Structure formats: C-alpha cells, structure tokens
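Okay, so the sequence shown: first residue is 124 according to the working numbering, each after it adds one.
Just so it is clear, CB atoms sit at the ideal spot from N, CA and C, and this is done for glycine as well.
Since the model is a prediction, treat every value here as computed from it, not as a measurement.
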Amino acid sequence: MPALLLLLLLVGVASLLVGWWLRRRSGLPVGNITYADTDVPAQPLISNRYGLVGKPDYIVMHRGVPIPVEVKPNRMADAPYESDRLQLAAYCLLIEETNAKTPPFGILRYHSRTHRIDYTPRLRAQLLQMVDEMRSYLDADDVARSHNNPARCAACGFRHSCEQSLAI
Numbered sequence: 124m125p126a127l128l129l130l131l132l133l134v135g136v137a138s139l140l141v142g143w144w145l146r147r148r149s150g151l152p153v154g155n156i157t158y159a160d161t162d163v164p165a166q167p168l169i170s171n172r173y174g175l176v177g178k179p180d181y182i183v184m185h186r187g188v189p190i191p192v193e194v195k196p197n198r199m200a201d202a203p204y205e206s207d208r209l210q211l212a213a214y215c216l217l218i219e220e221t222n223a224k225t226p227p228f229g230i231l232r233y234h235s236r237t238h239r240i241d242y243t244p245r246l247r248a249q250l251l252q253m254v255d256e257m258r259s260y261l262d263a264d265d266v267a268r269s270h271n272n273p274a275r276c277a278a279c280g281f282r283h284s285c286e287q288s289l290a291i
C-alpha cells in the first residue's frame, strides 16, 4: 500500500511540474482568463470616442490589471509584425476605454514564440495616427496601392474592382 501512495504522489508531482513547465513555455502571464473569443463569440469591446471595435482572443487578469492576448498560431516570425503590434495596441486602447485600468502591455502568441508588447505612450500615439490615416482613406474617392505584394492583392476584398491590383 505505501508503494501505491508513493507512486500516486510522484505522478501528482510530475503532473504539477509538467503543467508549470507548459505554462512558462506559453509565455502567458499568470492570472485568470476573464474574456475569451475562441470557442463562443464574445461581446466586442467598443470605444465610441475613437470609433473602434475589437475582440482580442483572451483577456487575462494579471495582478488586477487586464492584459490582452492575441494568438496567431500560423505566424512563424521571430519578431512581431507591425500590424500585429498595432492590433494589440488597439485592444489595449479598447480595454483602457472600457475599463478603469490601462494595460501596461499585451501578449502576442505566435506559433512557437511569445512576444510581450509594452503599451507605451509612443505606441498609443502611433495607433491613433494610423486610425486617423485609415479614416482619411475611407473618405477618399480613390486610394493608391501602398505595396508591391501580389499575395496581399489576392487576399484583398477589393481586388475585383481595383485598377491597381497585382493579383492575377
């Protein structure tokens, strides 16, 4: 009987260690998940002030502060894409607008890497500048293509009506 108890104790300790190791490997902050948009669609976060709406994959409550987490499982990049940084900044801004606390950072989880993105005044200003620029494009009659990437054109919803499309 003592051998069985010892075996159960060892299995329990091993399970705890594996769980701890997997948690550390994920790069996610320790805390409770208070919002998830993965299985069942969650309510969007809305900022009327900035005219933004968004749904991060998760919000983790870390030391009493909500932290947005965006998961990009197919991204293999070593460094975060600028578009992903701005998307995460938008979630930080939405949390700031809908919550009493401003997230100091957000988490981008790529296929095998986790990136902590600090939500700085500089990143916030960069986001707001990009939002203003995008709004000016919405009001424009015609917007010039801003890249030379045929794959982007192929995935664009305007490719059939765009006179500058690189898609074949």
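- Per DSSP, the beta bridge partners of H185 are V188.
- When only Cα atoms are considered, R198 and A274 end up about 16 Å apart.
- By the Cβ rule, the stretch 237-250 counts as touching the stretch 209-220, because three or more pairs are nearer than 8 Å.
- Looking from the CA of D207, the closest CA among V183, P189, R186 and Y242 belongs to Y242.
- Judged by DSSP in its simplified three-state form, V176 adopts strand.
- Scanning Y173, A290 and Q166 for the CA closest to the CA of N271 turns up A290.
- Going by beta carbons, Y260 and V266 fall inside the 7 Å limit.
- If you draw a straight line from the Cα of N171 to the Cα of P179, it comes to about 17 Å.
- For S206, the enclosing alpha helix (DSSP H) starts and ends at E205 to T221.
- Between N222 and P189, the gap from beta carbon to beta carbon is short of 7 Å.
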